[in-house]
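Enquirer: There's a structure below that I have some questions on.
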Amino acid sequence: MNTRARILTPVVAAVVAAVSATALASCVSDEQSLQEWPDAPNPTLALPNGSKLSDDVDELTSGTTRDTLAGAHQAYGSLRPDTDPQTGGDVSPARRVPAIIERGRLIVGVAQSLNQLGFRDPVNGELAGFEIDLAREIARDIFGDPDRIEYRYVEGNDLEDVLSTGTVDLVARTYTITKPRQEQVEFSVPYLTTYPRVLAMRDSGITDEQDLGDRTVCVTHDSTNLQELRDDIPHQDILATQTWSDCLMAIQRRQADAIYSDSAILSGLQAQDPYTEIIGTSSEGTDYGVAAALPEKRDTAGLVRQVNSTMERIREDGTWDDIYDRWLRGYLGRADQPPATYRSAAENRELTALRERRQDEADKTDEVGGTDAGDGEGSGSTGSSGSDRQDDQ
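To convert, note that position 123 of the sequence shown is 123 in the UniProt record's numbering; the numbers rise steadily by one, no gaps.
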């Protein structure tokens, strides 16, 4: 996997498509409107690379994806920041993450094509967005310098691998906290609550999710949104693409009628095309969390506690509000930082047992021809406030 950031061609294509749409709109008369755009897909245009059109959600999802969303609303809490008995304040970063301190930088896996969240600014070439700013605050609290950070671009389906192999210390990339995922990674407390929404062209005639019953809906491969479509949302056909930018191109080309995703992701797509709108009123949200490798595997408990200390700090000093207002408020309206939930000792023992059982099953599967998780440059042993301290949440 190439972990160096690079500008993805679907993003460029999406921008070109949006510019073309603007030019077309400028050519119509005052009496005309976008209603005159073709309603049917253009058969002469190929679907985005790697896309698949089907009326069967199960054909497009893996077993893992089908099981993932079920625990989104019963997830365990995170690890409570530990305190220094002598000072009464937080334990220092030097004690929590000595290996990262010694290395001199924090390594974070991010997106670079999710507009408003993690994307490469086309003007200056720098990474920017809500999750980029959040990662900088974590680095600030570890080093006193938000620039002591290395970003590595990671694909959505690689998140568990890059953590378990130590390729990165943390992942901040629209990673929804669910119970099944907590058996494989350790999440921080939530940093953003998102809600299922629909993005469609303003002339689509779609006013809510129930209007999707005879429409083609676009999502990305193996996203939790696929399961929501199967279980809760009416639809006719599903176009599964590699990226959300591909979905944007698909609705611009009339190859799909709508995109179904989290409100935060859709805000970035709407920012690229003013002829789109976000639709929906569901109040049942899911939470994004910063993820680290399991403490049982890479001794990351101190790192997760450090991240949670940053979450508490940006709540108290208003930094979270500033970051949200900068990137998302203009599209999603006012919001508050999600409350911090920490797990009890009993919950921790329960989760530890689930992780051990999952590991035993994996070991049995890999008895023949198994491979070891390699040691990357990431977290390794990150601190002495490790897994032996997890029971005093």
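Using N, Cα and C, we set each Cβ at its ideal position, and we do this for glycine too.
Fair warning: this is a prediction, and the values are worked out from it, not measured in the lab.
Would you list the one or two residues that DSSP bridges to Ile238?
Expert: Locating residue 238 in the sequence shown gives position 238, counting from the first residue. Ser54 and Val217.
Enquirer: What is the C-beta distance between Ile233 and Tyr260, in whole angstroms, given that I count them as a contact (C-beta under 8 Å)?
Expert: Translated into the one-based positions of the sequence shown, residue 233 becomes position 233. Translated into the one-based positions of the sequence shown, residue 260 becomes position 260. Ile233 to Tyr260, Cβ: 7 Å. Contact.
Enquirer: In chain order, what residues of the same chain have a beta carbon less than 6 Å from the beta carbon of Trp37, not counting five sequence neighbours either side?
Expert: As a working note, residue 37 is residue 37 in the sequence shown. Legend: pLDDT at Trp37 = 43, less than 50; position of this residue unreliable, no value from coordinates given.
Enquirer: Taking C-beta to C-beta, are Thr241 and Pro93 nearer than 7 Å?
Expert: Indexing the sequence shown from 1 puts residue 241 at position 241. Indexing the sequence shown from 1 puts residue 93 at position 93. No; because the gap between Cβ atoms is not below 7 Å, this pair is not in contact.
Enquirer: Tell me, please, whether the segment 295-315 touches the segment 136-156 by the rule of three or more beta-carbon pairs shorter than 8 Å.
Expert: Verdict: yes, contact present.
Enquirer: So what's residue 419 in DSSP terms, helix, strand or just coil?
Expert: In the structure displayed, the chain extends from 1 to 393; residue 419 sits before or after that span and is not available.
Enquirer: Beta carbon of Gln184, beta carbon of Glu160: below 7 Å?
Expert: As a first step, residue 184 is located in the sequence shown; it is residue number 184 there, counting from the start. As a first step, residue 160 is located in the sequence shown; it is residue number 160 there, counting from the start. The answer is yes: Cβ separation under 7 Å.
Enquirer: What are the start and end residues of the beta strand (DSSP E) that includes Asp262?
Expert: One-based indexing of the sequence shown puts residue 262 at position 262. It spans Ala258 to Asp262 - the beta strand (DSSP E) in which Asp262 sits, taken as one unbroken run.
Enquirer: Please check the pair Gln272 and Asn124, which I expect to be a contact at CB under 8 Å, by giving their CB distance rounded to whole angstroms.
Expert: Reading the sequence shown from its first residue, position 272 is the one you call residue 272. Reading the sequence shown from its first residue, position 124 is the one you call residue 124. That pair is no contact at about 18 Å.
Enquirer: Considering only their Cβ atoms, is the gap separating Val219 from Asp173 smaller than 7 Å?
Expert: Residue 173 sits at position 173 when you count from the first residue of the sequence shown. Residue 219 sits at position 219 when you count from the first residue of the sequence shown. Here the sequence assigns Arg to residue 173, which means Asp is not the residue at that position. No, they are not a contact pair.
Enquirer: How many angstroms separate the CA atom of Arg298 from the CA atom of Asp322?
Expert: The count along the sequence shown starts at 1 and reaches residue 298 at position 298. The count along the sequence shown starts at 1 and reaches residue 322 at position 322. Going from the Cα of Arg298 to the Cα of Asp322 covers about 33 Å.
Enquirer: Would you decide whether Arg152 is buried or exposed? Buried here means 16 or more other CB atoms lie within 10 Å of its CB.
Expert: On the sequence shown, position 152 is the one that residue 152 refers to. With 16 or more other Cβ atoms within 10 Å, it is buried.
Enquirer: Excluding sequence positions up to five away, which residues of its chain have a Cβ less than 7 Å from the Cβ of Arg355?
Expert: Within the sequence shown, numbered from 1, the residue matching residue 355 stands at position 355. So the list reads Glu183, Leu294 and Glu296, once near-sequence residues are dropped.
Enquirer: Here's the rule I'm using: 16 or more other beta-carbon atoms within 10 Å means buried, otherwise exposed. How should Ala258 be labelled?
Expert: Counted from its first residue, the sequence shown places residue 258 at position 258. Per the 10 Å Cβ criterion, buried.
Enquirer: I'd like the ranges of any alpha helix (DSSP H) spanning at least 4 consecutive residues and lying wholly in the segment 332-367.
Expert: Listed in chain order, they are 345-365.
Enquirer: Judging by CA-CA distance, which residue of Asp336, Leu351 and Gln337 is the nearest neighbour of residue 396?
Expert: In the structure as shown, the chain starts at 1 and stops at 393, and residue 396 therefore has no counterpart that could be examined.
Enquirer: Using only alpha-carbon positions, find the residue among Thr87, Glu131 and Glu284 that is nearest to Ile265.
Expert: As a first step, residue 265 is located in the sequence shown; it is residue number 265 there, counting from the start. With distances taken between Cα atoms, Ile265 lies closest to Glu131.
Enquirer: Check for me: the alpha helix (DSSP H) holding Pro190 runs from which residue to which?
Expert: Along the sequence shown, read from residue 1 onward, the residue named residue 190 stands at position 190. Looking at the DSSP string, Pro190 is not in any alpha helix (DSSP H); the run it does join, the beta strand (DSSP E), is Glu186 to Thr194.
Enquirer: Could you check if Pro190 is buried or exposed, using at least 16 other CB atoms within 10 Å of its CB as the buried criterion?
Expert: Indexing the sequence shown from 1 puts residue 190 at position 190. The residue is buried, with at least 16 neighbouring Cβ atoms inside 10 Å.
Enquirer: Name the residue from Ser78, Val171 and Thr194 whose alpha carbon lies nearest to the alpha carbon of Arg334.
Expert: Along the sequence shown, one-based indexing puts residue 334 at 334. Measuring from the Cα of Arg334, the nearest candidate turns out to be Thr194.
Enquirer: Comparing C-alpha positions only, which one of Leu212, Ile238 and Tyr288 sits nearest to His221?
Expert: Residue numbering aside, residue 221 sits at position 221 when the sequence shown is read from its first letter. Cα-wise, what sits closest to His221 is Ile238.
Enquirer: Check whether the Cβ atoms of Ala291 and Val168 lie closer than 7 Å to each other.
Expert: Numbered from its first residue, the sequence shown carries residue 291 at position 291. Numbered from its first residue, the sequence shown carries residue 168 at position 168. For Ala291 and Val168, no; Cβs fall outside 7 Å.
Enquirer: Going straight from the alpha carbon of Gly89 to that of Leu163, what length do you get?
Expert: As a working note, residue 89 is residue 89 in the sequence shown. As a working note, residue 163 is residue 163 in the sequence shown. Taking the straight line joining both Cα atoms gives about 29 Å.
Enquirer: When you compare only the Cα positions, how much space is there between Gly50 and Asp82?
Expert: As a position in the sequence shown, residue 50 is number 50, starting the count at 1. As a position in the sequence shown, residue 82 is number 82, starting the count at 1. One C-alpha to the other measures close to 46 Å.
Enquirer: So Glu137 and Ile314 are supposed to be a Cβ contact under 8 Å. How far apart are they, rounded?
Expert: By one-based count along the sequence shown, residue 137 stands at place 137. By one-based count along the sequence shown, residue 314 stands at place 314. 6 Å between Cβ atoms; contact.
Enquirer: Based on Cα-Cα distance, which residue from Leu45, Val217, Ala128 and Thr176 lies nearest to Asp287?
Expert: As a working mapping, residue 287 is identified with position 287 in the sequence shown. Out of Leu45, Val217, Ala128 and Thr176, Thr176 has the C-alpha closest to the C-alpha of Asp287.
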